[in-house]
Amino acid sequence: MCTASDRITPTYEAVVIGGGVAGLIAARDLAVSGLRVCLIEAEHAVGGRVQQATLAGLPVELGAEAFATRGGAMEALLHELGLEAEQVRPERAPAWVITAQTAHPLPVSGALGIPARPLTARTSIGLGAALWAATEPWRPRSPHVPGASVADVARARIGTRATAALVAPVVEGVYSVPPDQLPFDGQGELARAYARTGSLVRAAREMRSANLAAGGAVASLAGGMSRLIARLMRELQRLNVTVHTGDAVTELAPAAAPDTGWRVRWGRGECRTDAVVLAIPPREVHRLLPDLPARAAELQPETVVETVALVVDSPALGGTAELPAPRGTGALIRPDHPCIAAKALTHATAKWAWLRDAAPAGRHVVRLSYGARGRSPATAGLSNEAAAELALRDASETLGVPLDPAQLVAHARARWSIPARAQPPALPPGVHCTGEAYSGTGLASVVPHARSAANKVIRDRPSTISPAHSAHSPSEVERT
Ligand SMILES: Cc1cc2nc3c(=O)[nH]c(=O)nc-3n(C[C@H](O)[C@H](O)[C@H](O)COP(=O)(O)OP(=O)(O)OC[C@H]3O[C@@H](n4cnc5c(N)ncnc54)[C@H](O)[C@@H]3O)c2cc1C
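FYI, the numbering used here numbers position 317 of the sequence shown as 318, with every residue one higher than the one before it.
What follows is the structure, given as structure tokens:
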């Protein structure tokens with residue numbers, strides 16, 4: 002008879018902690034290379050900030066709904082997963098900016114709100130400000146100021162008005178931080194193009210030259226981004242990866258001699274492993290490895306953002322023949338707007354043809370986002386019903402279409418914690434970290450970083466340990 006003390010601690014060649022996109026991708030790549038892998042996720046569902054709700058029979062994304070096509074990392078992944086044919090582009094309609102005085106479409110091409118063709122922004126920022134921005138490529142280079150924010154650089158180059166009206170709403174909408182708090186040097190391709198050309202407008206033009214149409218730089222999957230999560234889970238099952246959900250990892254410590262590697266504990270489970278990939282926010286990395294020195298960024302409070310998705314019956318949201326949707330694919334709201342508490346609205350049925358086709362005539366899906374760094378969501382502390390009422394009022398004001406509570410068919414709400422950007426800490430041997438805080442925001446940054454973390458584990462493996470994939474036990478998805 003087998004007693005508890007006889008039970009052998011399961012051993013893996015790699016354990017991935019965190020089952021968001023970063024963790025799922027790392028686990029998949031490790032398993033593809035032949036390693037015996039275990040993934041542990043704190044929540045009952047994997048996916049992290051990619052989560053879908055079904056509202057009135059419609060699949061509605063509450064977190065990430067698309068990905069940037071830059072760099073080609075997502076395209077390569079979708080190809081490997083056999084999902085390339087499922088890729089969809091958003092409808093060709095601009096997003097709008099809503100201010101206290103006006104509602105105007107964003108210039109069709111641009112990067113981070115910086116217009117690639119500034120004169121197309123004249124209705125939004127006025128002719129004088131548009132002309133000033135349009136002459137920016139011919140002005141002398143500005144000196145490089147280390148630590149300058151996106152707002153510093155934008156104000157110096159394209160002017161205060163264009164920065165406030167175009168850059169601020171986009172930065173807050175995408176990064177949930179005001180542009181004064183977003184370091185310009187962290188802006189990857191845009192920062193590199195600016196350093197090369199000396200002009201923000203030229204840099205925006207370069208970045209978008211291949212994607213001049215609105216929405217050309219983003220794509221998604223028919224059925225929603227969560228199809229990626231479902232596909233990755235199928236992959237993990239196929240590759241015999243053990244997946245535990247519903248319990249956070251609480252302890253990560255060196256294995257007791259004579260064992261080597263790491264001991265991982267969660268809820269009622271425990272295992273030993275040669276290598277660990279931490280695909281969790283810095284707060285959790287430092288909780289599991291308290292001896293790591295923490296830098297200021299890792300200790301910054303996480304930004305709380307809430308999304309409220311609404312399904313409404315409103316034929317008026319279908320727009321007119323001239324204007325098929327009142328605010329194109331959605332709108333960014335100026336942070337100082339006196340009546341609208343939301344920072345952004347996505348008109349999902351106007352943005353994604355597959356969703357519009359799935360919805361009955363006159364039925365629409367809109368999603369509003371609340372909260373940014375230093376600005377707690379206006380929905381925080383409200384009941385779900387009160388949050389939906391606020392979102393409906395904000396949607397009505399943003400879209401310029403009266404919406405009555407009787408038109409609300411269904412609603413859902415999600416709360417997200419967004420870690421501040423951090424430098425990867427100096428980790429002990431066999432431990433690697435990945436995830437948005439270390440890679441940068443968005444799937445196009447998270448995916449290649451996670452793949453490179455998995456590659457490091459594979460590369461660093463002692464050659465004496467042979468891959469154990471032939472001895473894998475059947476895959477299991479457990480709730481411990
Ligand atoms: C509202 C919203 C909209 C967005 N829209 C887009 C978009 O359209 N396009 C885009 O590219 N990006 C978008 N993003 C960003 C994108 O969602 C993230 O960059 C990405 O999903 C982050 O993945 P991740 O795996 O690094 O982190 P997460 O998804 O946060 O995953 C981390 C996981 O670790 C788990 N975990 C934490 N601690 C532990 C522990 N101790 N033990 C076990 N598990 C633990 C968590 O439960 C979580 O599941 C959006 C984000 C939000 C919030």
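Every residue gets a Cβ at the ideal spot worked out from N, C-alpha and C, and that includes glycine. Quick caveat, the model's predicted, so the values are computed rather than measured.
Apart from the five residues just before and just after residue i, which ones in its own chain have a Cβ nearer than 6 Å to its Cβ?
i, result
"A205", "G111, A112, I115 and A117"
"P170", "V98, L333 and R335"
"A104", "W97"
"P463", "none"
"P282", "P420 and A438"
"L279", "I18, V286 and C434"
With distances taken Cα to Cα, identify the nearest neighbour of residue i among the options.
i, options, result
"A349", "S377, G375, L311 and T380", "L311"
"L237", "R193, V22 and D275", "V22"
"G72", "V313, T100 and E190", "E190"
"A28", "S227, T243, S200 and A223", "T243"
"V432", "R90, H287 and A155", "H287"
"V175", "G331, T161 and R140", "G331"
"H271", "P259, A192, L253 and R284", "Sequence check: residue 271 is Glu here, not His. Closest by alpha carbon: L253."
"A32", "L233, Q88 and R357", "L233"
"G268", "T12, E137 and H45", "H45"
"A263", "N241, H245, L290 and V178", "Here the sequence assigns Trp to residue 263, which means Ala is not the residue at that position. Answer by Cα proximity: L290."
"L56", "L78, L318 and P361", "P361"
"L428", "R158, P255 and N241", "P255"
"A351", "I459, P449, D292 and L324", "L324"
"A451", "D30, V51, Y13 and A295", "D30"
"G436", "G49, Y13 and I230", "G49"
Can you check whether the CB of residue j is closer than 8 Å to the CB of residue i?
i, j, result
"H412", "V277", "no"
"L25", "V61", "no"
"A326", "S221", "no"
"L126", "A69", "According to the sequence displayed, residue 126 carries Ile and not Leu. Going by C-beta atoms, I126 is not nearer than 8 Å to A69."
"L409", "V313", "yes"
"F185", "A192", "yes"
"Q182", "R374", "yes"
"M226", "A423", "no"
"P108", "S150", "no"
"L63", "A415", "yes"
"L201", "R158", "yes"
"D275", "A454", "no"
"L444", "M75", "yes"
"R142", "G199", "yes"
"L229", "V51", "yes"
"P91", "V219", "yes"
Leaving out five residues on either side along the sequence, give the residues of the same chain with a beta carbon under 7 Å from the beta carbon of residue i.
i, result
"A43", "D248 and A249"
"A396", "L311, L346, V367, L369 and L404"
"S446", "S440"
"A379", "A342, Y371 and L391"
"T10", "E271, C272 and R273"
Within 10 angstroms of the Cβ of residue i, are there 16 or more other Cβ atoms? Answer buried if so, exposed if not.
i, result
"P426", "buried"
"D337", "exposed"
"R364", "buried"
"A101", "exposed"
"V146", "exposed"
"W488", "An answer regarding residue 488 cannot be provided, because it is not within the stretch 2 to 481 covered by the chain."
"D358", "exposed"
"G20", "buried"
"T442", "buried"
"S418", "exposed"
"A388", "buried"
"T481", "Residue placement at T481 is flagged as unreliable, the pLDDT there being 36, under the threshold of 50; a coordinate-derived value is accordingly withheld."
"H245", "buried"
Between residue i and ligand 1, is the CB less than 7 Å from at least one heavy atom?
i, result
"E92", "no"
"E236", "no"
"V447", "yes"
"F68", "yes"
"P302", "no"
"E386", "no"
"E306", "The sequence given here has Val at residue 306, not Glu. Flag set: Cβ of V306 near ligand 1."
"G270", "no"
"E173", "no"
"A332", "no"
"G329", "no"
"V250", "yes"
"L113", "no"
"P282", "yes"
"V309", "no"
"I230", "no"
Let me check you understand the geometry: is the CB of residue i closer than 7 Å to at least one non-hydrogen atom of ligand 3?
i, result
"R460", "Absence of ligand 3 from the depicted structure is noted, with ligand 1 being the only ligands included."
Using a Cβ-Cβ cut-off of 8 Å (strictly less than) and excluding sequence neighbours within five positions of residue i, which residues of its own chain qualify?
i, result
"G224", "P60, E87 and W355"
"L120", "A131, L132 and A135"
"T4", "Residue placement at T4 is poorly supported in this model, since its pLDDT is 43, which falls under 50; the coordinates still yield a value, given next. Here the set comprises nothing."
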